[in-house]
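K.L.:
In terms of our numbering, the first sequence opens at residue 2 and continues consecutively. Cβ coordinates follow ideal geometry from the N, Cα and C atoms, glycine included. Submitted below is the structure of interest, expressed as structure tokens.
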Amino acid sequence: MKLSLLFTKTSKTVPSDETARNAQLLIQAGYIHKEMAGVYAYTPLGLQVLENIKQIVREEMNAIGGQEVMMTALQPRELWEKTDRWDDKKVDNWFKTKLANGSELGVGLTHEEPIVDLLSNYVNSYKDLPIFVYQIQTKFRNELRAKSGLLRGREFIMKDMYSLARTQEEHEDLYEKAVAAYYRVYERLGLGDVTVRTYADGGIFTPRFSDEFQTLSTIGEDTIFVDEEKKVAINQEIMSDESLQKLGLNKDKLVEKHAIEVGNTFHLETKYTDALDVYYDDEKGQRQSIIMGCYGIGVSRLMGVIAEHFADENGLVWPTSVAPAQVIICRMGTEVEVVKKAEELYGALQEQKIGVIYDDRDARPGEKFGDADLLGIPYRVIVGKKTLETSVYEVKVRSSGEISELSLDSLIQLLRSENS
RNA sequence: CGGGGAUUGGCGCAGUUGGCUAGCGCGCGCGGUUUGGGACCGCGAGGUCGAAGGUUCGAGUCCUUUAUCCCCGACCA
2 MKLSLLFTKT SKTVPSDETA RNAQLLIQAG YIHKEMAGVY AYTPLGLQVL
52 ENIKQIVREE MNAIGGQEVM MTALQPRELW EKTDRWDDKK VDNWFKTKLA
102 NGSELGVGLT HEEPIVDLLS NYVNSYKDLP IFVYQIQTKF RNELRAKSGL
152 LRGREFIMKD MYSLARTQEE HEDLYEKAVA AYYRVYERLG LGDVTVRTYA
202 DGGIFTPRFS DEFQTLSTIG EDTIFVDEEK KVAINQEIMS DESLQKLGLN
252 KDKLVEKHAI EVGNTFHLET KYTDALDVYY DDEKGQRQSI IMGCYGIGVS
302 RLMGVIAEHF ADENGLVWPT SVAPAQVIIC RMGTEVEVVK KAEELYGALQ
352 EQKIGVIYDD RDARPGEKFG DADLLGIPYR VIVGKKTLET SVYEVKVRSS
402 GEISELSLDS LIQLLRSENS
């Protein structure tokens with residue numbers, strides 16, 4: 002992508018109506034646009050990051066047998082009344098609207114009911130199970146208070162997966178597979194070291210604990226207690242001697258930390274399947290309940306977490322796995338030979354299918370360097386008069402600041418290895 | 001939903017005890033000098049001060065209502 006063609010621009014000033022670092026940086030660099038509180042649009046660069054995160058999530062869900070679908074945002078009232086989740090007293094953050102004929106609709110905030118309703122058309126026999134089905138979709142929640150940029154929005158992108166199992170053992174197996182897939186997702190996003198499985202409240206679903214995936218961060222609104230040996234934690238909200246005993250955790254080994262929830266998995270048991278009257282026939286023709294699990298990852302929230310977690314005083318610092326491009330070419334000046342050299346490099350990298358941004362603007366060096374830093378592209382290559390005299394390119398690593406001089410071949414090799 | 005703060009060109013801000021045609025920086029357009037960390041000179045466009053109502057000879061400045069945004073708290077199935 003040529004920067005001269007990109008309609009977004011960076012700003013020298015921080016938006017005055019944001020205090021959350023993720024929102025400040027993402028807006029300043031032109032990745033997102035604030036429509037209203039808790040509602041953000043994604044511009045080309047931001048969308049690319051979002052798509053990269055989605056793709057990682059998608060690959061890992063597919064790897065455990067997940068089947069992708071896309072459910073609807075508009076939801077019929079009747080379906081949700083069957084599980085007693087329509088009433089505002091039960092779930093108070095619905096966005097609701099009406100058809101022209103007056104029928105009430107809800108705007109999707111989660112999809113247990115519609116998923117089960119969909120699957121009920123196809124699931125009859127033990128032969129049809131188990132199933133993992135997921136989607137990556139916009140969710141709408143009428144939060145009383147949106148805050149912290151992408152971390153808590155009223156409209157946000159979420160991956161929600163649901164598992165349907167025949168037996169408790171099968172459910173446990175699916176559940177742990179999903180948890181393992183979650184670990185791989187955070188690992189690939191660069192958050193593996195700071196994300197910890199955390200026991201939390203199971204909500205209204207079940208007396209069992211749910212598992213949250215908490216990324217350690219000072220910006221986190223959750224307080225968790227981490228057992229660093231066991232690599233697990235317990236959320237403050239369920240912290241009690243009884244819970245600790247049940248989980249086999251030793252109070253003295255726990256360290257208090259702030260963290261932000263980037264995933265949550267629940268044991269739903271048979272609550273939704275039973276309520277919606279969906280069962281399967283076993284080998285003996287006996288009708289049996291279906292055991293469900295649900296698994297969420299806040300995709301857009303992750304974008305905010307990653308932005309904020311890796312940023313430094315000069316701007317964003319994307320991990321290579323989600324960066325909108327691997328490398329940015331900064332062309333110095335407009336001399337014919339320099340332009341030619343830069344275009345050549347741009348073409349060569351594109352040919353190698355390496356994500357590349359070419360700063361072909363007729364701007365001053367300082368502006369180009371500043372933008373390259375702010376945009377957070379992992380590698381920066383300079384093409385200027387000096388480049389013409391040597392046969393190497395000056396390459397700077399955004400995260401470390403390390404500078405090296407590489408031939409075209411080794412540059413390509415470096416960028417391709419990061420890509421895999 | 002309770003408490004606090006904010007709202008003035010695209011962005012960031014200043015506007016004295018109410019007083020003339022509402023300023024500044026950045027950005028933008030034109031011309032020129034520049035080009036390895038946001039350089040400079042000249043000219044220029046662009047706002048009716050969140051909205052509505054009121055007080056006054058006169059309101060960005062005072063009063064009332066209201067909308068929106070941010071923060072703290074409550075909430076987060």
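Taking only heavy atoms of the ligand SAM into account, decide whether any of them is closer than 7 Å to the Cβ of Thr-196.
P.N.:
For the ligand SAM, the structure offers nothing, since it holds no ligand at all.
K.L.:
How many angstroms separate the CA atom of Met-51 from the CA atom of Met-240?
P.N.:
Working through the first sequence from its first residue, we reach residue 51 at position 50. Working through the first sequence from its first residue, we reach residue 240 at position 239. One detail in the question is off: residue 51 reads as Leu in this sequence, not Met. The straight-line gap from Cα to Cα measures roughly 34 Å.
K.L.:
Taking its Cβ as the centre, do 16 or more other Cβ atoms sit within 10 Å of Ile-383, making it buried, or is it exposed?
P.N.:
Working through the first sequence from its first residue, we reach residue 383 at position 382. By the neighbour-count rule (16 or more Cβ atoms within 10 Å), Ile-383 is buried.
K.L.:
Using 8 Å as the threshold, is the C-beta distance between Leu-277 and Lys-83 below it?
P.N.:
Position 276 of the first sequence holds residue 277. Position 82 of the first sequence holds residue 83. Yes; because the gap between Cβ atoms is below 8 Å, this pair is in contact.
K.L.:
Can you check which of these residues, Leu-192, Val-393, Leu-130, is closest to Ser-290 by C-alpha distance?
P.N.:
Within the first sequence, numbered from 1, the residue matching residue 290 stands at position 289. Nearest C-alpha to Ser-290: Leu-130.
K.L.:
For Pro-325, is the classification buried or exposed, using 16 other Cβ atoms within 10 angstroms of its Cβ as the cut-off for buried?
P.N.:
If you number the first sequence from 1, residue 325 lands on position 324. That one is buried.
K.L.:
Could you say if the stretch 180-200 and the stretch 138-150 meet the contact criterion of at least three C-beta pairs nearer than 8 Å?
P.N.:
No: the two stretches stay apart, fewer than three of their Cβ pairs being nearer than 8 Å.
K.L.:
Taking buried to mean at least 16 other C-beta atoms within 10 Å of its own C-beta, is Gly-193 buried or exposed?
P.N.:
Position 192 of the first sequence, counted from the start, is the residue given in the question as residue 193. Exposed: under 16 other Cβ atoms inside 10 Å.
K.L.:
Mind checking who Asp-223 pairs with in its DSSP beta bridge?
P.N.:
On the first sequence, position 222 is the one that residue 223 refers to. Paired residues: Ala-260.
K.L.:
Using 10 angstroms around the beta-carbon of Tyr-41, count the other beta-carbons present and answer buried if the total reaches 16, otherwise exposed.
P.N.:
Residue numbering aside, residue 41 sits at position 40 when the first sequence is read from its first letter. Buried, by the Cβ-count rule.
K.L.:
Just reading off the beta strand (DSSP E) that Lys-77 is part of, what are its end residues?
P.N.:
In the first sequence, counting from the first residue as 1, residue 77 sits at position 76. For the record, residue 77 in the displayed sequence is Pro; it is not Lys. It spans 75-77 - the beta strand (DSSP E) in which Pro-77 sits, taken as one unbroken run.
K.L.:
Just mark Ser-126 as buried or exposed, buried being the case when its beta carbon has 16 or more other beta carbons within 10 Å.
P.N.:
In the first sequence, residue 126 corresponds to position 125, counting from 1. Flag for Ser-126 reads exposed.
K.L.:
Mapping DSSP to helix, strand and coil, what is Leu-130?
P.N.:
For this step, residue 130 is matched to residue 129 along the first sequence. Looking at Leu-130 - three-state DSSP - the assignment turns out to be coil, as it is neither helix nor strand.
K.L.:
How many Å lie between Glu-309 and Asn-122 at the Cα?
P.N.:
Reading the first sequence from its first residue, position 308 is the one you call residue 309. Reading the first sequence from its first residue, position 121 is the one you call residue 122. Cα-Cα distance, rounded: 43 Å.
K.L.:
Which whole-angstrom value describes the C-beta separation of Ile-28 and Pro-45, a residue pair presumed to lie in contact below a C-beta threshold of 8 Å?
P.N.:
Here residue 28 refers to the residue found at position 27 when the first sequence is read from its first residue. Here residue 45 refers to the residue found at position 44 when the first sequence is read from its first residue. Not quite, the Cβ-Cβ distance comes to about 14 Å (not below 8 Å), so this is no contact.
K.L.:
Output needed for Arg-185: all residues of its chain with C-beta closer than 7 Å, excluding positions within five of it in sequence on either side, in chain order.
P.N.:
On the first sequence, position 184 is the one that residue 185 refers to. Once the five neighbours on either side are set aside, the close Cβ partners of Arg-185 are Glu-61.
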